[in-house]
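Visitor: One structure is given below, represented as structure tokens, and several questions about it will come after.
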Amino acid sequence: MVLNKTNIYSEILHRLNILYPEIKSNLNFNTPFEFYVAIVLAAQCTDEKVNTVTKELFKRIKSFEDLDRISLEELEEAIHSTGFYHNKAKSLKEGAKYIIKHFNSTLPNNFNDLIKIPGLGRKSSYAILGYVFNKSAIVVDTHVKRLAMRLALVKKADPITVEREISSNVEEKNWFKFSYMLNQHGRTICTAKNPKCQECILNDICPKVGISNNK
DNA sequence: CTCCCGATAT
DNA sequence: ATATCAGGAG
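Residue 1 is where the first sequence starts when you use the UniProt record's numbering, and the numbers rise one by one after that.
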């Protein structure tokens, strides 16, 4: 099937909506604080692994003040299995300090403030906006980036390019849903390695069917 | 562009 | 044993 630019976005939106009708984070959390911790740990780590770590961690730390108080060593040990634990522990403690000092111990609900917090980049900031505050956000992680490339929505594998392309071709009310669905599809069907093109609902409109194994 | 790091699949 | 996965900072 050959589609013009507007139609490929609308086809993706409609077809993936059948598979992923509900937006539900793969990270377990009950409060904005918990999501903040989880999203920092989720950098370069699977959500499943993060969940096993936070299950125990959230019994011990329940606020930015708790995070500020816990010793670096204790925190590093608790999050060790998520990888990059020196960086993440440092980010969490510096981030907590920053939020206490500049945002009255409350996670901000706008991008410009979130991105200033140490340890939060674009992906994490937008994830907080979408999952915690139900605001419009385009969360470009490695899955979304990969699918945008395979579906030829972008020529450059750069997150900001992907954000721009989605924002100018999808209605704002669907931004978060669109990036969410690409993410879910990337985890399950359009995987980095050995994508399941045969069972893919988009295989007739995907330029990379059958020839993709990475990139 | 390099560094940071463990877990899992092969 | 080794390749692959998964973001942010400097």
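Where a beta carbon is used, it is the ideal one built from N, C-alpha and C, also for glycine.
If you count every other CB in all the chains shown that lies within 10 Å of the CB of residue 93, and 16 or more means buried, which is it?
Guide: As a working mapping, residue 93 is identified with position 93 in the first sequence. The residue is buried, with at least 16 neighbouring Cβ atoms inside 10 Å.
Visitor: Below 8 Å on the Cβ atoms is my contact criterion, and I expect residue 42 with residue 27 to pass it. Report the Cβ-Cβ distance as a whole number of Å.
Guide: Here residue 42 refers to the residue found at position 42 when the first sequence is read from its first residue. Here residue 27 refers to the residue found at position 27 when the first sequence is read from its first residue. So it is a contact: roughly 6 Å between Cβ atoms.
Visitor: Taking only three categories from DSSP, how would you classify residue 163?
Guide: On the first sequence, residue 163 is found 163 positions in, with the first residue counted as 1. DSSP places residue 163 in helix when its eight states are reduced to three.
Visitor: With DSSP collapsed to three states, give me the class of residue 57.
Guide: On the first sequence, position 57 is the one that residue 57 refers to. Three-state DSSP puts residue 57 in a helix.
Visitor: Buried or exposed: which applies to residue 143, given that a residue is buried once 16 or more other Cβ atoms fall within 10 Å of its Cβ?
Guide: Sequence index remark: in the first sequence, residue 143 carries index 143 (1-based). Under this definition residue 143 is a buried residue.
Visitor: My assumption, with CB atoms under 8 Å, is that residue 148 sits in contact with residue 172. Please give the rounded CB distance.
Guide: Taking the first sequence and counting its residues from 1, one reaches residue 148 at position 148. Taking the first sequence and counting its residues from 1, one reaches residue 172 at position 172. Not really, about 18 Å apart at Cβ, beyond 8 Å.
Visitor: Please tell me whether, using a cut-off of 7 Å, the distance from the CB of residue 123 to the nearest non-hydrogen atom of the ligand MG is below it.
Guide: Ligands in the displayed structure: none, and consequently the ligand MG is not present.
Visitor: Quick one: using the 10 Å Cβ neighbour count with 16 as the cut-off for buried, is residue 150 buried or exposed?
Guide: Numbered from 1 along the first sequence, position 150 holds the residue referred to as residue 150. Buried, since its Cβ has 16 or more Cβ neighbours within 10 Å.
Visitor: Roughly how many whole angstroms lie between the Cα atoms of residue 266 and residue 167?
Guide: Only positions 1 to 215 of the chain appear in this structure, which leaves residue 266 out of reach.
Visitor: Ordered along the chain, which non-local residues of its own chain (more than five positions away) have a Cβ less than 7 Å from that of residue 145?
Guide: Counting from one through the first sequence, the residue named residue 145 turns up at place 145. Here the set comprises 157, 159, 162.
Visitor: Are at least three pairs of beta-carbons, each pair with one atom in the stretch 10 to 18 and one in the stretch 36 to 56, less than 8 Å apart?
Guide: Flag = no, the stretch 10 to 18 and the stretch 36 to 56 do not touch.
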